[in-house]
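Chemist: The structure that follows is given in the form of structure tokens.
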Amino acid sequence: MAEAPQRSIRRPNRWDQPFGPDLTDADIERILAMAPFDGMDQSRFAPSATLRDIIRNDARLLSFESGDLIVRAGDHGTSTFFVMAGTVRVVLPPGLPNTLLGRAQPQQKTVWQSLAQVWSRPKLPEVRDIAKLDLKTATDTRVTQQGETRTRITDIDDICERYKTVTLGETEMFGEIAALTRAPRTSTIFAQGRVELLEIRRPGIRDIRNRVASFKEHIDGLYRQRSLEAHLRESWVFKHLDNEAMSRIVALTLFETYGNFDWQASFMRAAEGTPAERLEKEPVIAREGDYPDGLLMVRAGFARVSHEYDHGHKTTSYLGAGAVFGLEELLHNWRGEGEPVQLKNSLRAVGYSDILRVPTHVIEQYVLPTLPEHRAAGSIKPAVPQADSQASTADPATSDLAPEVVEFLVDNRYINGSQTMLINLDRCVRCDACSEACAVGHNNNPRFNRHGRRIQSLMVANACMHCLDPVCMLGCPTGAIHRVEGSGEVVVNDDTCIGCATCANNCPYDNIRMVEVRDAEGRFIFDEITGQPVVKSTKCDLCVDQIGGPACQRACPHDALARVDLSDTAALAKWMGR
Amino acid sequence: MKGFVRRRLVNVTFAILAALLVVVSSTVYVTAINQNGFLTGWILFGLVLALSGYRIRKKVSTLPIGRASSWLQAHVYGGLIALFAFFVHVGWRVPDGVFEGVFASVFLLVAFSGVVGIVINRIFARRLTRRGEEVIFERIPGFMVRLREQAEEILLASAGETGSAVLREFYFSRLSSFFAGPRNWLGHLVSSNRTLYKLQNEMDSLERYLNADDRERLTELRYLVERKDELDFAYALQGAMKFWLFIHVPLTVALLIGMLVHTVLVHAFSGGLS
Ligand code: HEM
Numbered sequence: 102m103a104e105a106p107q108r109s110i111r112r113p114n115r116w117d118q119p120f121g122p123d124l125t126d127a128d129i130e131r132i133l134a135m136a137p138f139d140g141m142d143q144s145r146f147a148p149s150a151t152l153r154d155i156i157r158n159d160a161r162l163l164s165f166e167s168g169d170l171i172v173r174a175g176d177h178g179t180s181t182f183f184v185m186a187g188t189v190r191v192v193l194p195p196g197l198p199n200t201l202l203g204r205a206q207p208q209q210k211t212v213w214q215s216l217a218q219v220w221s222r223p224k225l226p227e228v229r230d231i232a233k234l235d236l237k238t239a240t241d242t243r244v245t246q247q248g249e250t251r252t253r254i255t256d257i258d259d260i261c262e263r264y265k266t267v268t269l270g271e272t273e274m275f276g277e278i279a280a281l282t283r284a285p286r287t288s289t290i291f292a293q294g295r296v297e298l299l300e301i302r303r304p305g306i307r308d309i310r311n312r313v314a315s316f317k318e319h320i321d322g323l324y325r326q327r328s329l330e331a332h333l334r335e336s337w338v339f340k341h342l343d344n345e346a347m348s349r350i351v352a353l354t355l356f357e358t359y360g361n362f363d364w365q366a367s368f369m370r371a372a373e374g375t376p377a378e379r380l381e382k383e384p385v386i387a388r389e390g391d392y393p394d395g396l397l398m399v400r401a402g403f404a405r406v407s408h409e410y411d412h413g414h415k416t417t418s419y420l421g422a423g424a425v426f427g428l429e430e431l432l433h434n435w436r437g438e439g440e441p442v443q444l445k446n447s448l449r450a451v452g453y454s455d456i457l458r459v460p461t462h463v464i465e466q467y468v469l470p471t472l473p474e475h476r477a478a479g480s481i482k483p484a485v486p487q488a489d490s491q492a493s494t495a496d497p498a499t500s501d502l503a504p505e506v507v508e509f510l511v512d513n514r515y516i517n518g519s520q521t522m523l524i525n526l527d528r529c530v531r532c533d534a535c536s537e538a539c540a541v542g543h544n545n546n547p548r549f550n551r552h553g554r555r556i557q558s559l560m561v562a563n564a565c566m567h568c569l570d571p572v573c574m575l576g577c578p579t580g581a582i583h584r585v586e587g588s589g590e591v592v593v594n595d596d597t598c599i600g601c602a603t604c605a606n607n608c609p610y611d612n613i614r615m616v617e618v619r620d621a622e623g624r625f626i627f628d629e630i631t632g633q634p635v636v637k638s639t640k641c642d643l644c645v646d647q648i649g650g651p652a653c654q655r656a657c658p659h660d661a662l663a664r665v666d667l668s669d670t671a672a673l674a675k676w677m678g679r
Numbered sequence: 697m698k699g700f701v702r703r704r705l706v707n708v709t710f711a712i713l714a715a716l717l718v719v720v721s722s723t724v725y726v727t728a729i730n731q732n733g734f735l736t737g738w739i740l741f742g743l744v745l746a747l748s749g750y751r752i753r754k755k756v757s758t759l760p761i762g763r764a765s766s767w768l769q770a771h772v773y774g775g776l777i778a779l780f781a782f783f784v785h786v787g788w789r790v791p792d793g794v795f796e797g798v799f800a801s802v803f804l805l806v807a808f809s810g811v812v813g814i815v816i817n818r819i820f821a822r823r824l825t826r827r828g829e830e831v832i833f834e835r836i837p838g839f840m841v842r843l844r845e846q847a848e849e850i851l852l853a854s855a856g857e858t859g860s861a862v863l864r865e866f867y868f869s870r871l872s873s874f875f876a877g878p879r880n881w882l883g884h885l886v887s888s889n890r891t892l893y894k895l896q897n898e899m900d901s902l903e904r905y906l907n908a909d910d911r912e913r914l915t916e917l918r919y920l921v922e923r924k925d926e927l928d929f930a931y932a933l934q935g936a937m938k939f940w941l942f943i944h945v946p947l948t949v950a951l952l953i954g955m956l957v958h959t960v961l962v963h964a965f966s967g968g969l970s
């Protein structure tokens, strides 16, 4: 038989897609001459990725007019900003009201309004109130010559008077912690007068941090000071410790990053290939059989727990933020019962993971002697997943899930979902009561698709999962897509959405739909300036404004559909085992 | 014990107790007041109204008035209790009189269609999951058209290149009607794959008459036939899960009207307590 011709492709390179339009040599010289870059020892950078290369490819220059919003509190962003010229204002907590940030606080419907939806819905899809769309509010949005969208607060003097703010000037930096930890931005920042900023995306910042000791010290110091303790205390392992022990642990904890921060971009490629090939691509955080040199805690992102099984690897569970790995082995070795054991499982970064590594001697000194009795119970068994965030160390809830289900959820990155729509096809009679209920609550527009990938009788429907790592929120120019304050649902403010589709393109699960909208008579609405149809981003909002919560779940007569937090594997296992 | 098993046990126990209560209370009532059927009549009246109320719950899905699944549980077991109360009400006899006969039949049709419906739902949902891809019912006719077009393209290619009469004749005598629309409804409902099996056998026996190109086309056709059979299967089962409600729901309206007439008549001609 003739051999199939070999297929070759050009491997994508790191800088195939520079962050912004090319910076000129003069720009780069100017940047390198400014603090903090002027103080960086350029010889410490690898010849294949010099500081100059990093600036050229991972940075861009942005200009803002007075009042332009630069970042909003609650936004998710992966870049850091340096003030090149001018000053910016940081709004201190409690911060600006949602209306100024392009967001809407959902208003719960009254009983009467809920009922009236049944008959007062428009017949046609995507009908909007044109008066509401034609915005005249305290902010205005424009597109710059470079195609960037800017939203401006019109009365900044009033803002500075009414809200507590501080000023940052030339050479100062902001946004580094949110960018490095993928946490939401903590403050809103706007331009005061004309401002020029240098924005560096995360891989660039990560490289600079790795190469420049003073920069690393600065950023790590900030992180230790502001966030590390809170992150550690998210786990039950550290929750009970007193402040003194905690401050020792904080000082000795290492932080590490694995995988690709922009995982959503390469996600589809990652899902290809055999299970072994997929596993091979995931960076190893800790390897089965190695000495447990510390307790690992996932700070952000996800990780896969697996162990060797004949010629393959069996995925037994996955870990999200706050979960720990290696505790059972550490406990066993510390107690000195029987032979010391090595790690029973491997831990790999799924997409990307930020890991906190608390060295073994620190754990043995401060944590193990003080573990609550019921948590410390149990002994080591061969090749069991020992990692979990809630249950005792020896009683992993995840073991109730079949490995193929765990693998399916991990490989498709569904583990990101906090409200994933799961359908048990053995019970679903395909009656579409869920879609109809959704349409009733959304002006006759179902906001999900009763369709999706399957494993056995479990279907993950195409509905917004309200992700723990909401990549859809990266780069929304108007702040229209945001988390609801307090409850955390990811929603789109229809009034401020400009239809740019950044969120829809970012969503790796294809759960955001762009739609052309109509007026009450059913005519499509066009933009006054461009003449193009007005487009809006739409998705499941988890019925935030409905009194009863998600209508899909309540409308299913056959207990076939549920919105499930996939980080709670015990709840998932329970739901599946009914 | 698993969640659904426990729920079924609790509900069945409750339904049996409720049925006993119906028997005991009606016996006591008849003995005390010597008025046959009035108590069970009113129990049935209330139950039928409550059972019909399920439709309203389904329409107002955004109000927090309990999950539809809890309502359905109440509906199914309430329906079974109503069925039992009906037999107690008519004294386990066939009612006489044309109106009474028709009215009783309507009730029985509603109740039995409900029982058949729930059984169909439970069985067919599982069977659907075990075979073929998940397809949305409304899209099936569109997919069928696409398969037919693909089959016709294969046939056209064969006619253009080899002009084989065998493939053409087979297509027009056996496949064109198969691809024309949903087929083999009943067969799929009762898990019979006779149609597919026959077609596959016939295609196998054609193979020896074809040249290499047409043999390849036959393989492609075979694949399309299998896909079409999967769609037929999904169409039949999903259709059945929808179809039974077209008996259950409209007859409920007839039942409600009949119930009103029956109640008025019975009270008008009862002449009060004896
Ligand atoms: C005897 C009086 C009964 C009446 C008046 C009645 C009425 C109704 C009505 C109005 C619906 C709503 C249909 C819809 O809007 O989709 C319904 C649905 C249903 N009924 Fe009944 N029913 C009765 C008995 C039963 C019984 C005895 C059973 C089964 C044991 C049953 C099982 C069902 C099922 C499974 C559904 C559909 C559930 C769904 O998918 O939403 N019913 N019935």
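Read top to bottom, the protein sequences are chains Z and L.
Those letters in the first sequence? Residues 102 to 679, by the working numbering.
Those letters in the second sequence? Residues 697 to 970, by the working numbering.
All C-beta atoms, glycine included, are put in the ideal place defined by N, C-alpha and C.
#1: Can you grab the Cα-Cα spacing for the pair G954/L / C535/Z, in whole Å?
#2: Quick check on DSSP: helix, strand or coil for I626/Z?
#3: In its own chain, which residues sit with a C-beta less than 7 Å from the C-beta of I943/L, not counting the 5 before and 5 after it?
#4: From the DSSP output, in three-state form, read off D343/Z for me.
#5: Could you check if N525/Z belongs to the surroundings of the ligand HEM, using beta carbon to heavy atom distance under 7 Å?
#6: Who are the Cβ neighbours of E357/Z in its own chain at under 7 Å, not counting the five residues just before and after it?
#7: Using 8 Å as the threshold, is the C-beta distance between L124/Z and R157/Z below it?
#8: Please state whether DSSP places F146/Z in a helix, a strand or coil.
#9: Using a beta-carbon distance cut-off of less than 8 Å, what residues from the segment 540-552 of chain Z approach chain B?
#10: Does D660/Z get closer than 8 Å to chain L when you measure Cβ to Cβ?
#11: Taking buried to mean at least 16 other C-beta atoms within 10 Å of its own C-beta, is Y453/Z buried or exposed?
#12: Alpha carbon to alpha carbon, what distance is there between D411/Z and F700/L?
#13: Does the Cβ-Cβ distance between A821/L and L526/Z come in under 8 Å?
#14: Under a CB-based cut-off of 8 Å, is L202/Z close to chain L?
#15: In its own chain, which residues sit with a C-beta less than 7 Å from the C-beta of S215/Z, not counting the 5 before and 5 after it?
#16: Of the residues that make up the segment 558-585 of chain Z, which ones have a beta carbon closer than 8 Å to any beta carbon in chain L?
#17: Under 7 Å Cβ-Cβ, which residues of chain L neighbour V338/Z?
#18: For L895/L versus F839/L, is the C-beta spacing smaller than 8 Å?
#19: Rounding to the nearest angstrom, what Cα-Cα distance links L342/Z and L469/Z in this structure?
#20: With a threshold of 8 Å between beta-carbons, can A652/Z be considered close to chain L, or not?
#21: Does the Cβ of F799/L have 16 or more other Cβ atoms within 10 Å, making it buried, or fewer, making it exposed?
#22: Just mark L716/L as buried or exposed, buried being the case when its beta carbon has 16 or more other beta carbons within 10 Å.
#23: Which of the three DSSP states, helix, strand or coil, is assigned to D126/Z?
#24: With a threshold of 8 Å between beta-carbons, can I648/Z be considered close to chain L, or not?
#25: Whole angstroms are fine: how far does the CA of S418/Z sit from the CA of S668/Z?
#26: Are the C-beta atoms of A538/Z and some chain L residue less than 8 Å apart?
#27: Any heavy atom of the ligand HEM closer than 7 Å to the CB of P658/Z?
#28: Does the beta-carbon of A534/Z, which I'm using as the reference point, lie nearer than 7 Å to any heavy atom of the ligand HEM?
#29: Per DSSP, which one or two residues make a beta bridge with P384/Z?
#30: Which residue spans inside the segment 582-640 of chain Z form an unbroken alpha helix (DSSP H) run of at least 4?
#31: Within the continuous alpha helix (DSSP H) that includes Y893/L, where are the two ends?
#32: F875/L and L852/L - do their beta-carbons sit closer together than 8 Å?
#33: Helix, strand or coil for G774/L, going by three-state DSSP, please let me know.
#34: I want to see whether chain Z comes within less than 8 Å of M840/L, judged by CB atoms only; does it?
#35: Name, going along the chain, the residues of the segment 922-956 of chain L whose beta-carbon falls closer than 8 Å to a beta-carbon of chain Z.
#36: Please state if the CB of P393/Z and the CB of L448/Z are separated by a distance shorter than 8 Å.
Modeler: With the structure as the only source:
#1: 32 Å
#2: Here I626/Z carries a coil assignment [DSSP, helix/strand/coil].
#3: Once the five neighbours on either side are set aside, the close Cβ partners of I943/L are L805, S809.
#4: coil
#5: No, the ligand HEM has no heavy atom inside 7 Å of this Cβ.
#6: I456, R458
#7: Pairing L124/Z with R157/Z gives a Cβ-Cβ distance under 8 Å.
#8: coil
#9: Judged by its chain identifiers, the structure shown contains no chain B, and its protein chains are Z and L.
#10: yes
#11: Under a 10 Å Cβ-count criterion, Y453/Z is classified as buried, with 16 or more other Cβ atoms of the shown protein chains found around its own Cβ.
#12: 36 Å
#13: yes
#14: no
#15: Q647, I648
#16: S558, M560
#17: Here the premise fails: no neighbours, minimum Cβ distance about 31 Å.
#18: no
#19: 11 Å
#20: yes
#21: buried
#22: Exposed is the call here.
#23: helix
#24: yes
#25: 10 Å
#26: yes
#27: P658/Z has its Cβ nearer than 7 Å to a heavy atom of the ligand HEM.
#28: yes
#29: None; P384/Z has no bridge partner.
#30: Secondary structure in the segment 582-640 of chain Z: the alpha helix (DSSP H) runs of 4 residues or longer, each lying completely within the stretch, are 603-607 in chain order.
#31: 890-902
#32: no
#33: In this structure, G774/L counts as helix in the three-state DSSP scheme.
#34: It does not: the Cβ of M840/L has no partner Cβ on chain Z nearer than 8 Å.
#35: Q934, M937, K938
#36: Contact: no.
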